[in-house]
Each structure stands twice: as C-alpha cells, then as structure tokens.
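Comments concern the structure below.
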C-alpha cells in the first residue's frame, strides 16, 4: 500500500500532524477493509491504496519528477539535490514558471516538500506499516493541473531493493529526448523497451546504432571499467550533456576521483569495442551501485559479454557508495 499527497498551495507554516493523522484514522475506520481511502485536510488531498510508482508517474499532466529513498527510518539520501532538481525542472520543461506561484521560489518549494515528506512518512508508519525498517521510495511530481494551477504530488511506497550481487542488462536502440531533466514523458516513452526486454534483465541500456555509443539505462546511469594500454583502470561514463546526471552517478564520480587505483573518464562506451572492458555497472536510487555479470549486446551476432567475477575495484567502490549513503542523509525528524 502507498501514500499519496497532493496540494496546489505552498505550505507556509508547520502542518498539524497529529490532527491530520487523527482525521485519517477516523476515515479509515469507517471505510471497508482494503479499500482505497481518500481524505482532504485544508489544501491537502490524501490517498492510501495500492498504486505503484509507475502508476503515480503517469497519473498527471506532463511535468517534472524525481525519486529519492530512505536509508533509515526518517532519513532521506540527498534530499536537497532532489528538491533542486524539481526547482530547475520547471524552467527546463518550459512549464510557464509564472503559473507556479510560490512553487517557483526555491525556499518555499523546499519548505513544502519537507513538510509533505515528513507528514507522508508518519502517515505510512501509522497506517501502512509501523515497522518501517525497510527502505521506502519517495517520489515527487510538479506540474500544472487541468485548471492551470500548480500541483505538487508526493508518493511513498516500499522500495524494492535488488538482493542479487550482480545483474543482467541488455542494449536496445533508443534515445532520451530531454536527457538533462526528469521529464514525466520519458516514463511513457520507455515503457515499450521495458515490455520487450528479456525477463532476466534488470535494465535496458540505450544504444545509438549508427555509432555504437552506449548512453544510459531507462532508469539508471551506465558505466564500464576499462583497462588502458598502461594497465590503468578507468571508469567510463557518457558525457554529462548526454545523460541525466543521477544522484548516485555524482557520488560515484567523486569517489572515483578520490581513488588511487581508478581514473574517471567522460566517454561513451562503444558496443563495438569491448575488448578492454573489465567490468560494468549501473547506478540508481534503488540499486545504488549494481555490478553487471552479463550484458546482451543485441547485435547481429547476438553477442553477449560475461564477467565471471566482479572486479575487486568495483566491489570496493560499491562498499564506499553504501557507506556514504548511510552516513549522508537528511533527517526529516529534525525538520521543524
């Protein structure tokens, strides 16, 4: 079960959390078992029911979105940058910023997102699952509704975290039209590739057929570990202007630049030149750093690349990512 909160108004003062939870509790007690619960409190609208993130992201007019994750109850990784992404997305999608009222002010948008996030997590803990030691996925969506009014939506649901040590991925010909912004249109555009990929594959990597260049995943960034002529290990990542710069991608770049054994290189991996690849991995909010053991190239020969073992340097990098995420998160409990 998920929690959905929407509002057309900036929240200027603190929310009355206990009063809201009390009214929601009364509504739930008077509703049939397992039924979707709809509730309104001042300018906030609430829904509790079974609607996954994919449904949430396709329920509104075109807009900008982002997804964050909790790392422990009440702590959200890199929430400040997710808020900044929402703010910058208003202009990049040309969504008539003047129509967004107070939402186009970063300070007001930040305050509203933090208030709704704190409320949403408390509602989830109270009415969905009291023990929320498991990780949660928090999604935010900003758009203009049918009446041309600003609409901010928040969605909270259980985060599905891969349990395997490594994954399979495949290449498919495709491109992201607006790679620098989390445009909700991409959620619809990528669905065809999602539906046609191998059932065993965790992700699809976008391929430019004419050049053999590899870009990013449908919901992840993509990297390869390359050994150069001098046996130096390099982490290749497509140039920043060609992909969406994910939260974990930024972290990986910083960690690689601090490493003595790895060198960061902005360069498109080439599907036609894989002889020096020593590993590959994808990154995203839910996966963090996820090594690849099999990459289906989907070329004329139906080739695939298999990595028999995860390279030790990738294992070190994965550990560093996990540690950093745990140690660097925003504590919503401290927000007042």
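Residue numbers (my numbering): 5 to 340.
The beta-carbon is built from N, C-alpha and C at its ideal position, and this holds for glycine as well.
Secondary structure of residue i, DSSP reduced to three states
{"i": "residue 209", "result": "strand"}
{"i": "residue 72", "result": "strand"}
{"i": "residue 223", "result": "coil"}
{"i": "residue 122", "result": "helix"}
{"i": "residue 231", "result": "strand"}
{"i": "residue 237", "result": "strand"}
{"i": "residue 313", "result": "coil"}
{"i": "residue 248", "result": "coil"}
{"i": "residue 256", "result": "helix"}
{"i": "residue 42", "result": "strand"}
{"i": "residue 325", "result": "helix"}
{"i": "residue 308", "result": "strand"}
Residues bridged to residue i (per DSSP)
{"i": "residue 217", "result": "212 and 274"}
{"i": "residue 9", "result": "50 and 158"}
{"i": "residue 187", "result": "68"}
Cβ-Cβ distance between residue i and residue j below 8 angstroms
{"i": "residue 156", "j": "residue 142", "result": "no"}
{"i": "residue 315", "j": "residue 172", "result": "no"}
{"i": "residue 188", "j": "residue 106", "result": "no"}
{"i": "residue 144", "j": "residue 117", "result": "yes"}
{"i": "residue 330", "j": "residue 283", "result": "no"}
{"i": "residue 208", "j": "residue 174", "result": "yes"}
{"i": "residue 333", "j": "residue 81", "result": "yes"}
{"i": "residue 299", "j": "residue 312", "result": "no"}
{"i": "residue 293", "j": "residue 248", "result": "no"}
Closer than 8 angstroms to chain B by CB, residue i
{"i": "residue 232", "result": "Structure shown: chain B not included; a single protein chain is present."}
Inter-residue CB distance, residue i and residue j (contact presumed, cutoff 8 angstroms)
{"i": "residue 318", "j": "residue 285", "result": "6 angstroms"}
{"i": "residue 153", "j": "residue 12", "result": "5 angstroms"}
{"i": "residue 37", "j": "residue 336", "result": "Not quite, the Cβ-Cβ distance comes to about 30 angstroms (not below 8 angstroms), so this is no contact."}
{"i": "residue 101", "j": "residue 108", "result": "5 angstroms"}
{"i": "residue 123", "j": "residue 9", "result": "7 angstroms"}
Inset, instruction - Run through the region 278-303 for me and flag every whole beta strand (DSSP E) of 3 or more residues, listed as ranges in chain order. - result: 281-288 and 292-300
Legend entry - Complete beta strand (DSSP E) runs within the region 128-174 (minimum length 3 residues, chain order): 140-148 and 154-162
Legend entry - Those runs of the beta strand (DSSP E) which lie wholly inside the region 79-110 and span at least 3 residues: 79-81
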